[in-house]
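Take a look at the structure below.
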Amino acid sequence: MQETAGVESGGIPTFAEANDAELLARLRGPEPASRQAFAVVVRATHDRLLGYIRRQLGSLEESREVLQDVYLAAHKGLPRFEGKSRLTTWIYSLAYHHVCDRIAERARDRSARAMLGDGEDFLMASGDPDVSRATAWDSAPDALRARRRAEECIAEAVAALEPPGCHVYRLRDVEGLTGEEVAELLGLSHAAVRVQLHRARAEIVARARERLGAGATAPERRRA
Amino acid sequence: MNGLMARALYPCAHIPDLTYDYLEGRLPALTTLRFKAHLAMCEGCAEFVSLYTLAADPVRFLDETPPPSELVELTLSFLDKELDRERGTAERDSIGEP
């Protein structure tokens with residue numbers, strides 16, 4: 016699946032050069048141009064989508080499998096894609112749904128194993144004994160080290176974030192989609208995206224503060 | 693004393709809700725001034741806003757090992773084979789081959 020670079024060379028435009036309508040026309044056209052245009056889309060979205068899926072699923076191999084399924088679904092769904100959203104937003108929505116399906120499959124597998132009593136859930140619930148509680152952020156001797164510790168705590172809190180907030184948060188703050196794109200992708204109003212995003216961020220901060228040992232000073236817990 | 697002055701500007705309970713709009717640059721100028729003045733005098737809220745700011749822009753510090761560059765080529769190669777296979781099946785179906 017090779018594509019030539021640049022419109023000026025007379026080949027398939029790169030993703031950045033082409034607008035959605037132009038790309039869609041090529042994608043829906045005859046081969047080999049449609050296959051080349053699809054390769055342009057894959058190259059332009061691959062690493063970002065793989066990163067998104069990997070952050071949800073963890074395993075690189077499993078994420079690659081899911082991403083391949085997403086692209087096959089995108090290729091198959093192209094004739095039905097109406098172009099109401101951006102092409103990238105549409106592909107993200109496919110990735111989002113595939114990830115949700117895979118997570119649901121995992122949950123079903125886990126509950127099936129738990130019913131068989133292999134004890135895995137017990138091990139998973141036991142937590143990490145090596146996670147040490149940090150001293151207060153601002154009392155650390157070195158500001159840079161304190162900031163790194165704060166970032167670690169935020170990263171841990173992000174990893175622990177649960178639905179529905181985690182979907183909005185990851186798409187908006189981690190993947191960098193706009194509020195409008197997230198709203199469209201998840202079928203939410205802009206106001207709902209804003210509320211869920213703020214709640215998710217506030218929850219991350221609360222969890223990070225617990226890790227940092229500063230939970231008692233959280234403003235929402237203090238009397239005004 | 694600082695804490696009292698800070699809360700006279702804004703109650704601490706208002707700070708989390710204002711933080712979202714502050715980061716979006718949507719607070720009116722006067723509210724922004726009072727918000728910043730509160731943070732300058734209130735350690736707890738300043739910490740909250742610092743952490744919230746990190747949470748709103750986590751890409752710099754989340755573990756982002758870029759995928760190996762050859763992966764995109766492997767994906768393209770896989771898709772090529774799958775699409776060829778699908779096309780072959782569709783063509784066989786259309787001419788009624790078993």
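Protein chains in written order, with the working numbering: chain A, 16 to 239; chain B, 693 to 790.
Even glycine gets a Cβ: it sits at the ideal position worked out from N, Cα and C.
C-beta atoms of residue i and residue j nearer than 7 Å
{"i": "ALA747(B)", "j": "ILE169(A)", "result": "yes"}
{"i": "LEU763(B)", "j": "ARG726(B)", "result": "no"}
{"i": "SER710(B)", "j": "VAL57(A)", "result": "One detail in the question is off: residue 710(B) reads as Leu in this sequence, not Ser. Taking 7 Å as the Cβ cut-off, LEU710(B) and VAL57(A) do not qualify as a contacting pair."}
{"i": "LEU212(A)", "j": "VAL189(A)", "result": "no"}
{"i": "TYR744(B)", "j": "VAL220(A)", "result": "yes"}
{"i": "ILE118(A)", "j": "THR60(A)", "result": "no"}
{"i": "PRO708(B)", "j": "ALA206(A)", "result": "no"}
{"i": "THR104(A)", "j": "GLU37(A)", "result": "no"}
{"i": "ARG222(A)", "j": "ALA172(A)", "result": "yes"}
{"i": "ALA110(A)", "j": "ILE68(A)", "result": "yes"}
Coarse secondary structure for residue i, derived from DSSP in three states
{"i": "SER49(A)", "result": "helix"}
{"i": "CYS734(B)", "result": "coil"}
{"i": "LEU754(B)", "result": "coil"}
{"i": "PRO94(A)", "result": "helix"}
{"i": "PRO708(B)", "result": "helix"}
{"i": "GLY44(A)", "result": "coil"}
{"i": "TYR702(B)", "result": "coil"}
{"i": "ARG162(A)", "result": "helix"}
{"i": "ARG784(B)", "result": "helix"}
{"i": "LYS728(B)", "result": "helix"}
{"i": "LEU203(A)", "result": "coil"}
{"i": "LYS99(A)", "result": "coil"}
Expected contact under 8 Å - CB spacing of residue i and residue j to nearest Å
{"i": "PRO758(B)", "j": "ASP62(A)", "result": "7 Å"}
{"i": "LEU200(A)", "j": "SER108(A)", "result": "5 Å"}
{"i": "GLY180(A)", "j": "ARG214(A)", "result": "5 Å"}
{"i": "LEU65(A)", "j": "SER78(A)", "result": "6 Å"}
{"i": "LEU227(A)", "j": "ALA165(A)", "result": "7 Å"}
{"i": "LEU75(A)", "j": "VAL81(A)", "result": "About 11 Å separates the two Cβ atoms, so there is no contact after all."}
{"i": "ARG185(A)", "j": "ARG70(A)", "result": "7 Å"}
Residues near residue i in its chain [Cβ-Cβ closer than 7 Å; skip 5 each side]
{"i": "LEU731(B)", "result": "CYS737, ALA738 and VAL741"}
Same chain only: Cβ atoms within 8 Å of residue i, ignoring 5 sequence neighbours per side
{"i": "ARG209(A)", "result": "GLY194"}
{"i": "LEU42(A)", "result": "SER49, ALA52, PHE53, VAL56 and LEU93"}
{"i": "ASP84(A)", "result": "HIS113"}
{"i": "HIS90(A)", "result": "PHE53"}
{"i": "LEU719(B)", "result": "LEU710, ASP713 and PHE727"}
{"i": "GLY98(A)", "result": "ASP35, ALA36 and LEU39"}
{"i": "GLU46(A)", "result": "none"}
Neighbourhood of residue i by C-beta distance below 6 Å, restricted to the same chain and skipping five residues each side
{"i": "SER100(A)", "result": "GLU199"}
{"i": "LEU102(A)", "result": "ASP35"}
{"i": "LEU192(A)", "result": "LEU186"}
{"i": "CYS704(B)", "result": "CYS737"}
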